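K.L.:
Numbering (our numbering), first residue to last: 15 to 1135.
(1) Rounded to whole angstroms, what is the Cα-Cα separation between residue 687 and residue 458?
(2) Which residues in the same chain have their Cβ closer than 6 Å to the Cβ of residue 990, if we skip the five residues on either side of it in sequence?
(3) Compute the beta-carbon to beta-carbon distance between residue 1074 and residue 1098, rounded to the nearest angstrom, for a pair I have assumed lies under 8 Å.
(4) On the premise that residue 506 lies in contact with residue 547, defined as a C-beta separation below 8 Å, what is that separation, rounded to the nearest angstrom?
(5) By DSSP, does residue 654 sit in helix, in strand, or in coil?
(6) Determine the direct distance from the alpha carbon of residue 27 to that of residue 45, and round the result to whole angstroms.
(7) What residue does the alpha helix (DSSP H) around residue 1058 start on, and which one ends it?
(8) With 16 other CB atoms within 10 Å as the buried threshold, where does residue 520 fall?
(9) Taking the C-alpha atoms as reference points, what is the distance between residue 11 and residue 986?
(10) Consult DSSP for residue 378 and reduce its assignment to one of helix, strand or coil.
(11) For residue 873, which option in 885, 204 and 923 has the closest C-alpha, if you only look at C-alpha atoms?
(12) Taking residue 704 as the reference, which of 685, 824 and 992 has the closest Cα?
(13) Work out the CA separation of residue 376 and residue 369 for me, nearest whole Å.
(14) Among 849, 864 and 875, which residue has its Cα nearest to the Cα of residue 802?
(15) Kindly provide the ranges of any beta strand (DSSP E) runs that are 3 or more residues long and lie completely inside the stretch 781-829, ordered along the chain.
(16) Quick one: what does DSSP say residue 190 is sitting in, helix, strand or coil?
(17) Which runs of the beta strand (DSSP E) spanning at least 3 residues fall entirely within the stretch 1066-1095, listed in chain order?
(18) According to the neighbour-count rule (16 or more other Cβ atoms, all chains shown, within 10 Å of its Cβ), is residue 1040 buried or exposed?
(19) What number of angstroms, rounded off, separates the C-alpha of residue 850 from the C-alpha of residue 844?
(20) Tell me the DSSP secondary structure of residue 1109 in three-state form.
(21) Could you check the C-alpha separation between residue 812 and residue 932 for me, to the nearest Å?
(22) Would the beta-carbon of residue 602 be found less than 7 Å away from any heavy atom of the ligand COA?
(23) Please report the residue range of the beta strand (DSSP E) in which residue 1121 lies.
(24) For residue 982, tell me which candidate among 779, 966 and 522 has the shortest Cα-Cα distance.
(25) Using 10 angstroms around the beta-carbon of residue 21, count the other beta-carbons present and answer buried if the total reaches 16, otherwise exposed.
(26) Please give the ranges of any beta strand (DSSP E) in the stretch 930-1010, keeping only runs that are unbroken, at least 3 residues long and fully inside the region.
(27) Helix, strand or coil: how does DSSP classify residue 880 here?
(28) Comparing alpha-carbon positions, which option in 425, 465 and 566 lies nearest residue 451?
(29) Once you ignore the five residues that flank residue 579 on each side, which residues in its own chain have a CB closer than 7 Å to its CB?
(30) So, helix, strand or coil for residue 125, using DSSP?
(31) Can you give me the C-alpha to C-alpha distance between residue 1126 and residue 504, rounded to a whole angstrom?
(32) Let's see if you can read the secondary structure: which residues bound the beta strand (DSSP E) around residue 696?
(33) Can you tell which of 113, 1129 and 1082 has the C-alpha that lies nearest to the C-alpha of residue 670?
(34) Look up residue 233 in the DSSP assignment and give the residues it is bridged to.
(35) Between the Cα of residue 453 and those of 460, 463, 436 and 429, spot the shortest distance and give me the residue it belongs to.
(36) Do the stretch 484-493 and the stretch 545-560 make contact, defined as three or more Cβ pairs closer than 8 Å?
Shown next, in the form of structure tokens:
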């Protein structure tokens, strides 16, 4: 709950906040500390145990004078507060009373504008829960002129207005302010006209206006029925209304001026449209008019929008879109280093390498979104006609202060593109004497207005003004230059990988040659695999060797080795250096140069280098992919360098807080990268792919990057097939056809890379009833020839009238769909059910289905390529309603609507006996579970509807059968958001890691929060839109981090001074914990980095590790998300 309060004579507003833990408090912005400070003490509602929650959403109301506030929290109860006017106490809320209401089922409520100073409040309510109606009641809030005593809200004596609204679906109240300074109230209201200043009641077909003095009414009928969901005031006679389908209307109160004042004659509604005549915005959850014709549309169903409106022309223009991933209904994980099947075992987890593909939004705002954390690239231009690039080099033309020339090398030739100050591009066919009829290995500006070009045949120094060849060095006859690198003093070349050449750029390319075909120490033949001339240390170079797997630091003047370093950690290792960069990654005052080496196996090894003695130390290795990376140096303005590593998962390597950061980027298709600081495109880069070249700008910070495919339907379920390289989507579409709502459900597939829909949707229209998709999975099942084939399995339900259902009616289906070579979906199996199919999984070649009141194991038989059947093998009846399944071996974990987790073992048929499902263990505490997954062995992770996450463990070695049948809670925490899906993540573990990532958790609103627990990491999706990361703390760090979290609570400020233990404690209707149990909240421990050094020392005092050690550990955790 959020509500703005405006204290008297205060320049700063207050923000009133209410939490689901029943804490209520005010906060104010502190401009000196740039944070929210809690004002006065926190109010706690102690009556919660004895009251019933309000049927409508909790609501806070403030009267137009800002003196009173009322809250609807419980059914039939109104809490009233006063904001004092006396100077010095205007920020303190004073509780006046808690009064009982006879209006139990509230639809809407609001304060009215008053000219008498007596606050009035209006309720729109109904008297029965099972029958739709709308009644309006108005009361005075206080009994007397002192306004210190709250009215008793007696419907017989104090109700000023009590009328039935003709439209029973009315659901919105809008207070209308007075325009006149003073109106005189007369006793005889009969025949009085409705004047401006009152209340609008908005329904689906009718809008009714009441004068707040005489309660005279005026009604107007809507031309088309509308379900309005949000409103805001533009001025006293114009109001903006948003409906359930994303349309925006202007409501005008029509008036005329008479001798008695401004009289309301009716209401008119007109649609707002975009300049292209389209009428749909995101579906609004709230509207805020910001003045100056600017409207903010906040949406829980899609992206929020900032609109510029013109009510006279009835036109709106989109100014800005604020991305919103809520609600996340389902998601899949991909791109974790490889995608060989669902298991996705691959490289060790690296920040930003995970890609979450989620079904986001609802109905018209529905979309499929690829969500990643990393450094984004903002594209500024694309050259589509240039393909198969082998190198990119950026140059300055003569006397130019900025880069203005791009040299593009390919196998057969070299192309030159010139950029003017306005960004216009021209291809030139002669430039400063460059050789353009062959591949260019290197092109670079050097001192004294000269230009160096290296081709496979020669190295040439050119005069940049005249293009004259100043001097050159040719490769030996019959040989070719295969690699080249240069700094401001030397050029380092490889000749056929067997000879190393150093050219002095200040001495007419005087050459030093060294034969490297044999290793001097072992006498074994060796070849150059890569080389690099150090940018900031112009007298040294680094050379990598194929056979020995070593690197050598050499003196460029003599090519004599200064230091050698083996890269292979074991004798059977085949690590080979494939690219090298020696750069000043950290600021010079922090550290010396850093040596980066890209290896054949996709790892990047880094060393700290000392320029005294040219020694290297501090070896670290990071996996960036499965193929060797290319390292591209990007100089920065402060004298440091970033390194762009191009591989199948491109990464930006840079320094932050004295540490090397490997951040994923959105340029996975990049092959070559070069800096491009031009006049028209400052601080940019140019990068090539296999199909084009583009100019981009690198974001300064790591952000969440989202790629969206607008589906315009609710993407309720997502399944990923790595074999077919597609996503299977279960969708629900809602549309208006001739003012009638039509809902359809379908299944469709989308390409994994380009997010393009493939083939035609598979529509569920085999019944006269509405069939809804409930669950979608992918599986490998035996086809008609006995070979495993990729299939999508779908569970559905039929939405029918309960009174019209007959005993043998079909209430759901299980469908098995295939995808043909044209990527078109076709049906193989349609199996009718007597109940809805809510969840599916596979057990080997069997299909496990969670039906309305049963868990069933089916045998799948595919008789032909287009026909198959399901044969029931075994069934188990849970306590009520199965909502989720996960399988480990022959054990099926079933989460029930009310009875938490049950483990059921599938026993195959043997010796003529039938297959069966037997319960082996259960969690005996009640829990309203939503999802489950197996962590490993006997450990299971469960999420429930109250926002709790618990880890359950079975002990099969317990001495008694009773103990073996129990699932014990080993960890629990409340994250305050409901998780509706859990996806397990499989990545290779790093034995030295503090926390091993195991999964992501997702909900409706996106925020970056990490929860690390001692169990495995996995992905949970939640209906609030947040993505969480769940990890396993290494045993030796568990006590340390738990103790560290407990100590940190005393030094972390929380708005309202809410206790961390209270906030994260397990809570449901059966019990409430004292705090998180064996869980570490990553968001909490990361706040350690925000403390000043003195507080950090107090937290770490007696803990063991030093402050620096703990800082490094927490920074490592932060880089995980």
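Glycine residues also receive a C-beta, built at the ideal position from the N, C-alpha and C atoms.
In this text, all values refer to a predicted model and were calculated from it rather than measured experimentally.
P.N.:
In this structure, then:
(1) If you draw a straight line from the Cα of residue 687 to the Cα of residue 458, it comes to about 15 Å.
(2) Only 961 meet the Cβ criterion.
(3) Yes, residue 1074 and residue 1098 are in contact; Cβ-Cβ is about 6 Å, under 8 Å.
(4) Confirmed, Cβ separation roughly 4 Å.
(5) Look at residue 654 here: in three-state DSSP terms it is coil, with no helix or strand label.
(6) Cα to Cα, residue 45 sits roughly 13 Å from residue 27.
(7) Looking at the DSSP string, the run of the alpha helix (DSSP H) that includes residue 1058 is 1049-1062.
(8) With fewer than 16 other Cβ atoms within 10 Å, it is exposed.
(9) This structure gives no information on residue 11, because the portion of the chain shown stretches from 15 to 1135.
(10) Of the three classes helix, strand and coil, the one that applies to residue 378 here is helix, per DSSP.
(11) For residue 873, the closest C-alpha among the options 885, 204 and 923 is that of 885.
(12) It is 685 whose Cα lies nearest to the Cα of residue 704.
(13) If I take the Cα positions, the gap works out to 21 Å.
(14) By alpha-carbon distance to residue 802, the top candidate from 849, 864 and 875 is 875.
(15) Counting only runs of at least 3 residues, the stretch 781-829 fully encloses the following beta strand (DSSP E) elements, listed from N- to C-terminal order: 784-796 and 802-813.
(16) The DSSP-derived three-state label of residue 190 is strand.
(17) Unbroken beta strand (DSSP E) runs of no fewer than 3 residues, entirely contained in the stretch 1066-1095, are found at 1093-1095, following chain order.
(18) Residue 1040 is classed as buried because its beta carbon has at least 16 other beta carbons within 10 Å across all chains shown.
(19) Roughly 14 Å between the two C-alpha positions.
(20) Note: residue 1109 maps to helix in three-state DSSP.
(21) If you take the alpha carbons of residue 812 and residue 932, they lie about 30 Å apart.
(22) For the ligand COA, the structure offers nothing, since it holds no ligand at all.
(23) First-last for residue 1121: 1121-1132, but that is the alpha helix (DSSP H), not the beta strand (DSSP E).
(24) Looking at the Cα atoms, 966 is the closest of the given residues.
(25) Around the beta carbon of residue 21, 16 or more other beta carbons sit within 10 angstroms, so the residue counts as buried.
(26) For the stretch 930-1010, whole beta strand (DSSP E) runs of length 3 or above, ordered along the chain, are 930-936, 943-950, 953-958, 962-968, 981-988 and 993-998.
(27) The answer is coil: DSSP assigns residue 880 none of H, G, I, E or B.
(28) Minimum Cα-Cα distance from residue 451 among the listed residues 425, 465 and 566 corresponds to 425.
(29) Same-chain partners within the cutoff: 564, 565 and 630.
(30) Strand, per DSSP.
(31) Each residue's alpha carbon lies about 39 Å from the other.
(32) The continuous stretches of beta strand (DSSP E) do not include residue 696, and DSSP gives it neither H nor E.
(33) When each option's Cα is compared against that of residue 670, the closest is 1129.
(34) Looking at the DSSP output, residue 233 bridges to 222.
(35) It is 429.
(36) With the cut-off at 8 Å, the stretch 484-493 and the stretch 545-560 do not touch.
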